[in-house]
Every structure is written in structure tokens, then in C-alpha cells.
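Protein chains in written order, with our numbering: chain A, 270 to 506; chain P, 516 to 738; chain Y, 392 to 602.
The beta carbon of each residue, even a glycine, is placed where N, CA and C say it ideally should be.
Keep in mind it's a predicted model, so treat the numbers as computed, not measured.
A short write-up of the structure that comes next.
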């Protein structure tokens with residue numbers, strides 16, 4: 270990845286972190302670096318800037334892992350499996366972060382870290398899927414078979430994702446913003462309840478984290494390719 | 516159609532094989548009896564809420580599925596008959612035969628568990644029986660549809676026994692939660708129409724699982 | 392008798408980047424007995440699996456045609472009979488039940504019963520046909536594997552270690568069917584046994600030279 274892009278992303282995200290944490294939230298914002306209150310959330314709304322993009326990124330990571338898995342099954346080129354694992358590794362890390370930021374927010378908003386709200390349950394299930402993916406991989410010794418079976422598993426898991434992400438919050442009312450029981454409707458993100466400047470920071474964060482993900486992903490893939498190459502060399506000697 | 520006839524013969528083979536050896540079936544039944552007993556003992560004199568009981572019902576069914584549904588593929592690998600089947604029949608027939616067998620197996624087990632719950636736990640009162648039994652039927656179908664392809668996967672890996680629940684739990688969780696929900700509706704005396712959304716989910720889950728399994732089974736079964 | 396051809400082109404198999412087989416190429420037509428030989432661990436059984444379509448090669452291809460029509464890889468099962476240490480019968484069933492299952496699942500013609508009885512007699516296990524296979528000795532199990540492989544009169548008969556676990560009577564029966572197979576189709580076998588090798592028209596060695 271180009272150096273200027275790396276620097277740009279670093280500065281970008283630093284700016285976002287500052288904006289997310291330091292900008293004050295007041296009832297009536299006077300300047301551009303003040304966010305207005307969102308009814309029901311107040312200060313805790315800051316979480317949106319971090320938690321939502323990270324959750325978004327972990328889902329993207331999973332989707333990419335699954336897509337590379339599908340391509341592997343068609344082309345049988347082990348490089349696609351390397352890409353699949355790299356994506357999944359990052360996805361796992363992001364998922365842990367998403368779960369933790371979500372739990373912290375839950376503590377401040379609803380009183381306890383865990384509530385079995387549908388969305389919270391969904392991110393937990395995604396965590397379990399990532400875990401299962403890696404446990405499956407560790408249980409297979411042969412490279413091609415490992416790639417094939419983990420690709421198949423990611424497809425099966427991918428197919429259940431619509432069920433738990435979209436179906437469940439609609440069926441069961443929950444505490445998470447955007448669930449059936451929330452009087453505010455579909456939640457601050459979908460209903461654009463955020464003020465323009467906050468919205469900007471939010472979208473900036475979304476973009477920033479996505480670029481960060483691709484940066485880390487490209488590093489990871491290169492690392493895995495080198496590792497495999499080294500193994501190949503040491504084995505034939 | 517030839518595929519139906521070959522699938523049927525595979526199903527019969529599974530059935531007769533299980534009947535002959537019986538140790539797996541015995542172990543499963545003992546498992547069900549033990550788990551039910553544990554639940555009954557732990558309830559004791561208490562009156563747990565009916566929601567909790569609905570949840571435990573499906574926990575027992577889930578663990579029975581985990582104990583019994585992987586055997587069909589794992590046993591073939593362990594006894595060296597996997598290669599035999601591979602050179603006898605086309606892959607789809609193997610999948611269908613084993614899927615139907617797994618469905619029959621988990622249906623029988625879940626009916627036993629459900630009946631035991633109704634008979635032995637006085638607080639567990641089902642008011643709308645149509646919802647209850649339809650949930651058992653559709654839930655079993657869903658469990659079998661996911662378990663069969665996952666069983667095929669873990670049969671090709673090491674540490675098969677412990678791997679199966681690890682892979683299956685995240686996949687089956689939406690199904691289980693929906694079944695628990697529907698069971699709650701049944702105990703509350705809801706009308707059949709109120710559970711339609713749940714049944715839609717169960718049916719679509721099963722259909723999606725089976726369709727996906729058909730697409731990927733070749734990759735798993737063939738080396 | 393249908394015209395058969397069997398061709399393998401540059402087959403290679405790697406296991407975790409380690410080369411097990413490399414540059415395996417040969418071409419056969421019907422009426423051939425083809426022997427594969429090599430030290431223990433040279434990859435004979437792996438090659439047999441690849442040729443039967445049960446294991447996919449890392450590189451290269453296998454082409455098998457019956458009556459001019461190419462049989463799609465890897466679904467060779469209607470035309471192949473395999474006897475191998477890795478292929479077992481169902482031990483909770485009797486010999487008869489195993490053969491009956493095979494016949495049903497292969498959708499064989501109604502005369503399979505006669506052929507089944509004939510094979511059981513030829514291999515000397517007719518008297519034990521109603522006993523469950525788990526009570527068989529290893530020699531009897533091997534002989535049953537032959538009955539199972541020959542039941543559908545395969546165009547291609549593949550034997551991995553033909554004489555293993557067999558006494559002289561068993562070996563005689565095997566030889567008889569090897570001759571029959573050579574006349575009516577293609578016979579392929581993997582072995583290091585010198586007497587077995589004498590049956591072959593061609594011997595392919597997976598080591599020096601042909602590697």
C-alpha cells in the first residue's frame with residue numbers, strides 16, 4: 270500500500286479518535302467542534318463513531334473471507350486460501366473489539382455488560398463462528414483439505430448470517446438501538462438523527478476504519494505468503 | 516428416478532446398520548434419559564418458569580443432536596467404508612440418504628424428549644399443541660439439515676468428537692432461539708397464526724441449509 | 392465388449408508441498424494387464440486412489456473412456472471395481488447383505504443373485520455367506536472384497552496388493568479372475584510380489600526412471 274495512503278490513514282484516524290472522544294456534547298452546539306445531544310443517548314453516543322464502524326468492518330472481513338473461500342473452491346489456488354485466513358484473522362480481532370466496545374456501551378446505557386439483546390447475541394455468534402473456523406483449521410493437517418473444508422464452513426456460516434442479523438432483531442424486541450422495542454425507531458444511524466458535523470465524523474470513521482482494515486489485511490496476506498514460501502524452501506532442503 | 520432409489524437404499528443401510536450395532540442408539544437413549552433425569556432432579560421442588568423450561572427442552576434436544584448426528588459420517592471414515600461408498604454411489608445419493616436418516620433419528624429423539632417433558636414436568640403445560648408439535652417437527656428438520664453437512668466436514672478432520680458441537684453451535688443458534696420462541700408461544704396458548712413467523716424462519720433455514728449443502732457436498736465428500 | 396482407453400498425463404501429487412508423485416504418464420487400452428510397482432511408501436496406493444478418481448491429483452489429468460465416450464472424472468464408480476486395504480465391507484452385515492446392498496445401489500440387473508452366488512463359491516466363502524463380516528478372518532474379508540469388486544463386471548479392475556492376506560486357494564481364484572479381466576477389460580494392480588508381476592503386460596515403476 271502506498272506510503273502516502275498509510276500516512277493519510279494514520280492522520281485521519283487520529284483525527285477521528287480525537288473528534289470522537291474530545292469533542293463535547295452540548296444541548297445547543299455553538300461551534301463545529303461540538304456535537305448536539307441525541308435524545309436517549311447523550312454522551313454515550315460517542316460510541317457510534319467507534320463501535321459501528323468496527324462492527325461494520327468485522328462483517329466486511331467475514332464476507333471477504335467467505336468470498337475468497339468460494340474462489341478457492343473454484344480455482345484451487347492456495348493463495349486464495351491465504352487471503353481467506355488473513356481476512357478471517359483480522360475479522361476475529363475486529364469482532365472482539367466490537368463485542369467489547371458494545372459491552373462497555375451496554376454497561377453505561379443499560380446497566381450491565383451483557384443483556385442477550387439480539388444484536389449483542391449476533392455479534393457474539395459471529396465471534397463463535399470465527400472461533401469455530403480457526404478450530405476447524407487447526408484440526409486438519411493437510412493444506413488442500415484444510416483450505417477446502419474451511420471454505421465450505423465459511424459458506425455454511427455465511428448462509429446463516431442473514432438469519433441472525435436481520436431476522437432476529439425484527440422478531441425479538443431488544444435494547445439495542447434499532448431493535449423492535451426502541452421507541453426512537455430504527456436507531457440514530459438509519460434515521461439520520463445525528464447532526465451534520467457528527468454525521469461527518471461518523472462517516473469519516475467508517476471510511477477510516479475500512480481503509481485501516483485493508484491496510485492490515487494486505488500486511489497479513491504478505492506475511493502469510495512469505496511464511497509459506499519459507500516453509501517450502503526449508504522443507505526441500 | 517435412480518437417485519431416489521439409491522438414496523433410499525443408503526437410508527435403509529444406515530437404519531439397519533444402526534439397528535444391528537445398536538451401541539450408538541443405546542448410548543443416545545441413555546444420554547436422553549440421563550439428561551432428562553438431571554433436569555428433573557435439579558428442578559426438584561422448585562417451580563421454574565415455563566420460559567426456562569422451554570429453553571431447557573431445546574438444550575436437551577440440541578445436545579442429543581450433537582451426540583447422535585455426526586455418527587453417520589464419522590463411522591464410515593473410522594471403519595474404512597467411506598472409500599467403499601465413494602466408489603459405489605454418486606455423492607448426492609449419499610447426502611440425501613444420510614440426511615433423511617439424521618432427520619428420522621433426531622425426530623424420534625426430540626419426540627421422546629418432548630413427551631417426557633409434558634409427562635414428567637408438571638409445570639410444563641402446553642396449551643396450543645399444534646404449535647408445539649409443528650415446532651418439534653420443523654426444528655428437527657432444521658437440526659438435521661445443518662448437522663448432516665457439518666458431520667460430513669468434521670469426519671474429514673481430526674478430533675471429530677469435540678469439533679462437531681463447536682462448529683454446529685453458532686450455525687444452529689438462530690434455529691434454536693426460534694424454536695424456543697415458538698415453544699413459548701405454545702405454552703402461552705397463542706393461536707397457530709401467531710407462530711407463523713417462527714415457522715417461516717424454521718422452514719427457510721432448513722431449505723437454505725439443504726440447498727447450500729447440495730452445492731458444497733461434493734467438495735467435502737470428494738478428496 | 393466395449394472399447395476402453397485409459398490415459399494418465401503428468402500426474403503429480405503433493406502433500407503439504409512435499410512431492411509424493413511426479414510425472415506419472417501412461418496410456419492403456421482394453422486387454423491390458425498393467426502393474427504398478429515401487430518400494431513401500433513410494434506412493435503406489437496414492438496413485439491407485441488418483442487413478443480411481445477417489446483422490447484428486449495436484450497436477451495432471453486422468454482420462455478414461457468407455458465405448459468412445461469419456462467418463463467424467465472423478466465419477467468413475469460405475470465402471471470400476473477396487474480391491475484395496477483401504478476399502479472395507481460393512482462388518483455388521485453378512486456377505487450376502489453386503490453384496491445385495493451393492494447390487495441395489497448400483498442398480499444391477501436381476502441376475503445379480505446368480506453372479507453373487509457364483510463369486511462367493513469361486514472365492515470359497517459361499518458357506519459363510521450368512522455370517523456377519525465381523526466374524527470373518529482377514530483372508531475371508533479379502534476374498535469378500537473381490538466378490539464385491541467383481542459383482543458388477545467392471546470395465547476397469549484395480550487391485551492394490553492383490554495377494555495380501557490370501558492363501559494359495561485364494562490366490563488361485565484371484566489369478567483366474569485376473570485372466571478373465573484382462574480378456575474383457577483393463578486390469579490394473581499395484582504390488583511388489585514377483586509372482587503377481589508376472590501377470591502384467593506392462594510394469595510401471597514409481598521410482599527410478601519413471602518418476
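Under 9 Å between beta-carbons, which chain A residues line up against residue 408(Y)? List them in chain order, please.
Residue 408(Y) sits at position 17 when you count from the first residue of the third chain. Annotation: Cβ neighbours of residue 408(Y) in chain A (cutoff 9 Å, chain order): 412, 497, 500, 501, 504, 505.
Do you know how far the Cα of residue 341(A) is from the Cα of residue 349(A)?
The count along the first chain starts at 1 and reaches residue 349(A) at position 80. The count along the first chain starts at 1 and reaches residue 341(A) at position 72. Straight across, the Cα-Cα distance linking residue 349(A) with residue 341(A) is about 5 Å.
Helix, strand or coil, according to DSSP, for residue 558(Y) in the structure here?
In the third chain, the residue the question calls residue 558(Y) occupies position 167. Here residue 558(Y) sits in coil by DSSP.
Please name the residue or residues paired with residue 593(Y) in a DSSP beta bridge.
Translated into the one-based positions of the third chain, residue 593(Y) becomes position 202. Note: residue 593(Y) sits in a beta bridge opposite 425(Y).
Bridge partners of residue 505(Y), per DSSP?
Here the question's residue 505(Y) lines up with position 114 in the third chain. None, per the DSSP bridge assignment.
At a CB-CB cut-off below 8 Å, which residues of chain P make contact with residue 370(A)?
In the first chain, counting from the first residue as 1, residue 370(A) sits at position 101. Neighbours of residue 370(A) on chain P: none; closest Cβ ~21 Å, over 8 Å.
Could you work out which residues of chain P lie near residue 422(A), taking near to mean beta carbons separated by less than 7 Å?
By 1-based counting over the first chain, the position of residue 422(A) is 153. Within chain P, the residues near residue 422(A) are 668, 682.
With respect to the alpha helix (DSSP H) encompassing residue 582(P), which residues constitute its N-terminal and C-terminal limits?
As a position in the second chain, residue 582(P) is number 67, starting the count at 1. Element bounds for residue 582(P): 565-583.
Do we get a CB-CB distance below 9 Å when we pair residue 437(Y) with the residues of chain A?
Numbered from its first residue, the third chain carries residue 437(Y) at position 46. Closer than 9 Å: no.
Please classify residue 455(Y): does DSSP put it in a helix, a strand, or coil?
Taking the third chain and counting its residues from 1, one reaches residue 455(Y) at position 64. Strand, per DSSP.
Closest to residue 676(P) by C-alpha separation, out of 590(P), 611(P), 553(P), 544(P), would be which residue?
Within the second chain, residue 676(P) is the residue found at index 161, counting from 1. Of the candidates 590(P), 611(P), 553(P), 544(P), 590(P) places its Cα closest to the Cα of residue 676(P).
Output yes if chain A places a C-beta closer than 9 Å to the C-beta of residue 449(Y); else output no.
Counted from its first residue, the third chain places residue 449(Y) at position 58. Yes, because at least one Cβ of chain A sits closer than 9 Å to the Cβ of residue 449(Y).
When the Cα of residue 534(Y) is compared with those of 549(Y), 516(Y), 525(Y), which residue comes out closest?
Indexing the third chain from 1 puts residue 534(Y) at position 143. Residue 534(Y) has its Cα closest to that of 516(Y), out of 549(Y), 516(Y), 525(Y).
Please name the residues in the segment 397-408 of chain A whose beta-carbon is closer than 8 Å to at least one beta-carbon of chain P, in chain order.
Within the segment 397-408 of chain A, the residues whose Cβ lies closer than 8 Å to some Cβ of chain P are 397, 398, 400, 401, 404, 405, 408, listed in chain order.
Using the three-state DSSP reduction, which class does residue 484(Y) fall into: helix, strand or coil?
As a first step, residue 484(Y) must be located in the third chain, where it is residue number 93. If DSSP states are grouped into helix, strand and coil, residue 484(Y) belongs with coil.
Of all the CB atoms in chain A, is at least one closer than 9 Å to the CB of residue 581(P)?
Looking up residue 581(P) in the second chain gives position 66. Judged by the 9 Å Cβ criterion, residue 581(P) is not in contact with chain A.
Considering only residues of the same chain and omitting the five flanking positions on each side of residue 470(A), which have a CB-CB separation below 7 Å?
Walking along the first chain from the start, residue 470(A) turns up at place 201. Cβ neighbours of residue 470(A) beyond the five flanking positions: 285, 288, 289, 318.
Where residue 543(Y) falls, given that 16 or more other Cβ within 10 Å makes a residue buried:
Counting from one through the third chain, the residue named residue 543(Y) turns up at place 152. Residue 543(Y) is buried by the Cβ-count criterion.
What are the boundary residues of the alpha helix (DSSP H) that includes residue 731(P)?
Along the second chain, read from residue 1 onward, the residue named residue 731(P) stands at position 216. 711-736 is the extent of the alpha helix (DSSP H) around residue 731(P).
Contacting positions in the segment 575-602 of chain P - beta carbon closer than 7 Å to chain Y
594, 595, 596, 598, 599, 601, 602
So that I know if they touch, is there some Cβ in chain P lying closer than 9 Å to that of residue 452(A)?
By 1-based counting over the first chain, the position of residue 452(A) is 183. Low confidence applies to residue 452(A): its pLDDT is 45, below 50, so where it sits in the model is not reliable, and the reading given next is rough at best. Not an interface residue.
Can you list, in chain order, the residues of its chain with a C-beta nearer than 7 Å to that of residue 693(P)? Leave out the 5 residues immediately preceding and following it.
Locating residue 693(P) in the second chain gives position 178, counting from the first residue. Only 713, 716, 717 meet the Cβ criterion.
Reference residue 494(Y), options 600(P), 625(P), 611(P), 630(P), closest by Cα
On the third chain, position 103 is the one that residue 494(Y) refers to. With distances taken between Cα atoms, residue 494(Y) lies closest to 600(P).
Report back the beta-carbon spacing between residue 663(P) and residue 617(P) to the nearest angstrom; my notes put them in contact at under 8 Å.
Taking the second chain and counting its residues from 1, the one referred to as residue 663(P) is at position 148. Taking the second chain and counting its residues from 1, the one referred to as residue 617(P) is at position 102. Yes, they are in contact, since the Cβ atoms of residue 663(P) and residue 617(P) sit about 5 Å apart, within 8 Å.
Between residue 507(Y) and residue 417(A), what straight-line distance do the alpha-carbon atoms span, to the nearest angstrom?
For the purposes of this step, residue 507(Y) is identified with residue 116 of the third chain, where counting begins at 1. For the purposes of this step, residue 417(A) is identified with residue 148 of the first chain, where counting begins at 1. Cα-Cα distance, rounded: 39 Å.
Nearest-angstrom Cα separation, counted from residue 728(P) out to residue 582(Y)
Indexing the third chain from 1 puts residue 582(Y) at position 191. Indexing the second chain from 1 puts residue 728(P) at position 213. The straight-line gap from Cα to Cα measures roughly 39 Å.
Closest by C-alpha distance to residue 485(A), when choosing among 391(A), 389(A), 330(A)
In the first chain, residue 485(A) corresponds to position 216, counting from 1. Comparing Cα-Cα distances from residue 485(A) to each of 391(A), 389(A), 330(A), the minimum goes to 330(A).
Quick one: Cα of residue 576(P) to Cα of residue 447(Y), how far?
The residue you call residue 576(P) lines up with position 61 of the second chain. The residue you call residue 447(Y) lines up with position 56 of the third chain. In a straight line, the C-alpha of residue 576(P) is about 38 Å away from that of residue 447(Y).
On the premise that residue 594(Y) lies in contact with residue 428(Y), defined as a C-beta separation below 8 Å, what is that separation, rounded to the nearest angstrom?
In the third chain, counting from the first residue as 1, residue 428(Y) sits at position 37. In the third chain, counting from the first residue as 1, residue 594(Y) sits at position 203. Cβ atoms of residue 428(Y) and residue 594(Y) come within 8 Å of each other, at about 6 Å.
Below 8 Å, is the gap between the Cβ of residue 677(P) and the nearest heavy atom of the ligand NAP?
Summarising the ligand content, the structure contains no ligands, and the ligand NAP is consequently not present.
From this set, 424(A), 373(A), 387(A), 382(A), which residue's C-alpha is nearest residue 398(A)'s C-alpha?
What you label residue 398(A) is simply residue 129 of the first chain in a count that begins at 1. Residue 424(A) holds the alpha-carbon nearest to the alpha-carbon of residue 398(A) among 424(A), 373(A), 387(A), 382(A).
What would DSSP say about residue 417(Y), mapped onto helix, strand or coil?
One-based indexing of the third chain puts residue 417(Y) at position 26. Residue 417(Y) falls in the strand class under three-state DSSP.
If we define contact as Cβ-Cβ less than 9 Å, is residue 428(A) a contact residue for chain P?
Within the first chain, numbered from 1, the residue matching residue 428(A) stands at position 159. In terms of beta-carbon proximity, residue 428(A) lines the interface with chain P, with at least one pair separated by less than 9 Å.
Identity of the residue in 572(P), 710(P), 519(P) nearest residue 547(P) by Cα
For the purposes of this step, residue 547(P) is taken as residue 32 along the second chain, with counting starting at 1. Cα-wise, what sits closest to residue 547(P) is 572(P).
What residues in the segment 466-483 of chain A bring their beta carbon closer than 9 Å to a beta carbon of chain P?
Within the segment 466-483 of chain A, no residue qualifies.
Taking only the alpha-carbon atoms, compute the straight-line gap between residue 387(A) and residue 328(A) and give it to the nearest angstrom.
Here residue 387(A) corresponds to residue number 118 of the first chain, with the count starting at 1. Here residue 328(A) corresponds to residue number 59 of the first chain, with the count starting at 1. Answer to the nearest angstrom: the Cα atoms are 16 Å apart.
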